[in-house]
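Numbering (the working numbering), first residue to last: 4 to 197. Positions of the beta carbon are idealized from the N, C-alpha and C atoms, including for glycine. Single-structure report; data block below.
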Amino acid sequence: LDSPREATLQRWWFTPDYDCVRASEDRLAMELVGQGVKLQTEDIRLGPDGKMTAALEKPGKASRLYCESFTKKYGEISAASPVYAQLRCMIDLSIAAAFLRKHDFYTKSGWKGEILRDEKSIPCETLAAPKQVACGVNALWKGNRLLVPAGGGVSIVPDDALEENRLLPDKDGAVGVMRGDVGGEREEKRWWWD
């Protein structure tokens, strides 16, 4: 490898779009806005010893544009490939659960979630975690340069979406109003899951 650029791999991974929570002023209600998922990129430098470290440069233009385009078209891609819609649902549920936990709504509502913790009530299939998985690699020659992505994955830290500086304001109070529209008296014959 003659130059640092030749020793750089592109890495792509998914994260929540952490600027996705609009909360009421009293924090008793929240709304998830936007598409919720972003494709991120960074360049990884491959050292002479084969170890990978973060590159100092910003990601290349092609990689940045790819991520921006993928993120922008995420809804269309999800419609064509359901695994991306499932990822969006998982992210949304993670952020909603983090909001409930942060404000201690489980305790305040008296909900203990027994049915979800009882394997006999709702059996879940569990599989052993793999000890080894096959490596999948894509590579492309562009001129005399070999382009190889460093890999991908998903990184979710739902509490990041709940940081005060990230919360979107409920300027017109619509989220609070929506909360007021929900609830009321429960019908006696209404089916309830727990």
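DSSP three-state assignment for residue i, whether helix, strand or coil
{"i": "A164", "result": "helix"}
{"i": "A131", "result": "coil"}
{"i": "A65", "result": "helix"}
{"i": "D173", "result": "coil"}
{"i": "R182", "result": "helix"}
{"i": "V36", "result": "coil"}
{"i": "L150", "result": "strand"}
{"i": "R157", "result": "First, the amino acid is wrong: residue 157 is Val here, not Arg. Strand."}
Assigned exposure category for residue i - 16 Cβ within 10 Å defines buried
{"i": "P165", "result": "This sequence places Leu at residue 165; Pro is not what is there. So L165 ends up on the buried side."}
{"i": "D46", "result": "buried"}
{"i": "V40", "result": "buried"}
Per DSSP, cross-strand counterpart(s) of residue i
{"i": "V24", "result": "L35"}
Worksheet entry | Segment contact flag, the segment 67-78 with the segment 97-116, C-beta cutoff 8 Å, min 3 pairs | With a cut-off of 8 Å, the segment 97-116 and the segment 67-78 do not count as touching, because too few Cβ pairs lie within range.
Fill in: Segment contact, 8 Å Cβ cut-off, at least three pairs: the segment 21-34 with the segment 169-177
Contact holds between the segment 21-34 and the segment 169-177, because three or more Cβ pairs, one in each stretch, are under 8 Å apart.
Worksheet item: How about the segment 90-110 and the segment 153-163: do they share at least three Cβ pairs that are nearer than 8 Å?
Response: yes
Worksheet item: Taking only runs of the beta strand (DSSP E) that begin and end inside the segment 39-126, which ones reach a length of at least 3 residues, in chain order?
Response: 40-49, 55-57
Worksheet item: Counting Cβ pairs closer than 8 Å, one from the segment 144-152 and one from the segment 10-23, do we hit at least three?
Response: The segment 144-152 is in contact with the segment 10-23.
Worksheet item: Quick one: any contact between the segment 175-185 and the segment 31-39, if contact means 3 or more CB pairs under 8 Å?
Response: yes
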